[in-house]
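Only one structure is covered here, and it is reproduced in the block below.
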Amino acid sequence: MLVLVNNAGARHDRLVQGLSKQDWARIIDVNLHGAFHTIQRAIRPMSQKRFGRIINVSSISATRPQPAQAAYAASKAGVEALTRTVAQEVTRRGVTVNAIAPGLVDTDFIPESLKSADAMRVLPARRLGEPEEVAALASFLASEEAGYISGTVITVDGGFTAGLGAGGRSWRPKAETSSDA
Amino acid sequence: MEPTATPSRDQISARIVSALTEFGAEPDKLRPEATLEELDVDSLDLFELGQILNEEFGIEVDPQDFEDLTTLGQAEAAILSYLK
Chain L
1 MLVLVNNAGA
11 RHDRLVQGLS
21 KQDWARIIDV
31 NLHGAFHTIQ
41 RAIRPMSQKR
51 FGRIINVSSI
61 SATRPQPAQA
71 AYAASKAGVE
81 ALTRTVAQEV
91 TRRGVTVNAI
101 APGLVDTDFI
111 PESLKSADAM
121 RVLPARRLGE
131 PEEVAALASF
141 LASEEAGYIS
151 GTVITVDGGF
161 TAGLGAGGRS
171 WRPKAETSSD
181 A
Chain D
182 MEPTATPSRD
192 QISARIVSAL
202 TEFGAEPDKL
212 RPEATLEELD
222 VDSLDLFELG
232 QILNEEFGIE
242 VDPQDFEDLT
252 TLGQAEAAIL
262 SYLK
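One line per chain: the protein sequences are L and D, in this order.
Last residue of the first sequence? That's 181 in our numbering, and every number before it is there in order.
Last residue of the second sequence? That's 265 in our numbering, and every number before it is there in order.
What follows is the structure, given as structure tokens:
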């Protein structure tokens, strides 16, 4: 095995107050422990070949969580820290380790409410991402050409988290606003 | 893996070779006089080797003992010295 993509993920949206220990543990288990186990198995064969690509799918929630995402966001933040750590350990053997943090992508994984026209207004791209647009980055990170990219998290969110209002109400500029100090 | 009872020197030497191969060193270069540098074995590899020997044979390797070593033979001797 020369390329590992950790894409399995689970979410369970509950406010912390009502989040059961079992649900918390299940999400951490699937998202974080799952990645740990597969990475652990992949390192040896990749090291031996002096080539490997480990790609972990994180989420913009790792750094920009919404309410009710405690378990999901914490697990993805863990995945990003795991990515950086393992990169320190194995990049010298030709094994790169990176994470992709998708934003709102048009899959069954995101709630229908986020697919509304209202929701689209806060997205700089004014549309959801397509799964293929995330896959395209994964396939580049898996390529020979990406050999010097390691230990990093690349966001694919159509500009969503680049602005101040990520997740909030869209901000509309008034015409001809300026301020001079 | 549970540490085996008392590992022989041969068992340990063989495991050192197989571990370094797993790390990506070229098997036919693994001669005692080969330098760690030419084998592309660095301090992190030796740390991992120590971790493997600890898990499998219960040997406690002190990474500091590897600090001034230059050849594979010296590294192996340092590890085997723990067996006394």
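The beta carbon of each residue, even a glycine, is placed where N, CA and C say it ideally should be.
Given the structure is predicted, the values throughout are model-derived calculations rather than measurements.
- Task: My understanding is that L:THR96 touches L:GLY147, with C-beta atoms under 8 Å, so please give their C-beta distance in whole angstroms.
- Result: That belief holds up - the Cβ atoms of L:THR96 and L:GLY147 are roughly 6 Å apart, short of 8 Å.
- Task: Output yes if chain L places a C-beta closer than 9 Å to the C-beta of D:GLY239; else output no.
- Result: With 9 Å as the cut-off, D:GLY239 does not count as an interface residue toward chain L.
- Query: Just checking my contact of L:GLU89 with L:SER58 at CB under 8 Å: how many whole Å lie between their CB atoms?
  - Reply: No, L:GLU89 and L:SER58 are not in contact; Cβ-Cβ is about 19 Å, not under 8 Å.
- Item | Where L:LEU164 falls, given that 16 or more other Cβ within 10 Å makes a residue buried | Answer is exposed; the Cβ neighbour count stays below 16.
- Task: Look up L:ILE100 in the DSSP assignment and say whether it is helix, strand or coil.
- Result: Strand at L:ILE100.
- Residues near L:ALA73 in its chain [Cβ-Cβ closer than 7 Å; skip 5 each side]: The answer, listed in chain order, is SER61, ALA62, PRO65.
- Message: DSSP three-state label for L:ARG11, please.
- Response: In the structure shown, L:ARG11 sits in coil (DSSP, three-state: anything other than H, G, I, E or B).
- Task: Could you tell me how far apart the beta carbons of L:GLU133 and L:VAL156 are, in whole angstroms, since I believe they sit closer than 8 Å?
- Result: Rounded to whole angstroms, the Cβ separation of L:GLU133 and L:VAL156 is 6 Å, and the two are in contact under 8 Å.
- Query: With which residues is L:GLY129 paired in a DSSP beta bridge?
  - Reply: Beta-bridge pairing links L:GLY129 to L:VAL105.
- Task: Tell me, please, whether the CB atom of L:GLU144 is closer than 9 Å to any CB atom in chain D?
- Result: For L:GLU144, no Cβ of chain D is located within less than 9 Å of the residue's own Cβ.
- Task: Please compile the residues from chain D whose C-beta is within a distance smaller than 8 Å of the C-beta of L:SER47.
- Result: Within chain D, the residues near L:SER47 are GLU203, PHE204, GLY205.
- Task: Take the Cβ of D:VAL222 as the centre, count every other Cβ of all protein chains shown within 10 Å, and call the residue buried at 16 or more, exposed below.
- Result: By the 10 Å Cβ count, D:VAL222 comes out buried.
- DSSP state of L:GLY52, grouped into three classes? Looking at L:GLY52 - three-state DSSP - the assignment turns out to be strand.
- Could you check how far apart the C-beta atoms of L:ILE100 and L:ALA138 are, in whole angstroms? I think they sit under 8 Å. The Cβ separation is near 6 Å, so the contact holds.
- Does the segment 117-129 of chain L come within contact of the segment 184-198 of chain D, defined as at least 3 CB pairs closer than 8 Å? The way I'd put it, the segment 117-129 of chain L doesn't touch the segment 184-198 of chain D; fewer than three beta-carbon pairs between them come closer than 8 Å.
- Item | Where the segment 90-113 of chain L meets chain D: residues whose CB sits under 8 Å from a CB there | The residues in question are ARG92, ARG93, GLY94.
- chain L residues whose Cβ lies nearer than 9 Å to that of D:ASP223: Result: ARG92.
- Message: The alpha helix (DSSP H) that contains D:ASN235, what's its start and end?
- Response: The continuous alpha helix (DSSP H) containing D:ASN235 extends over residues 224-238.
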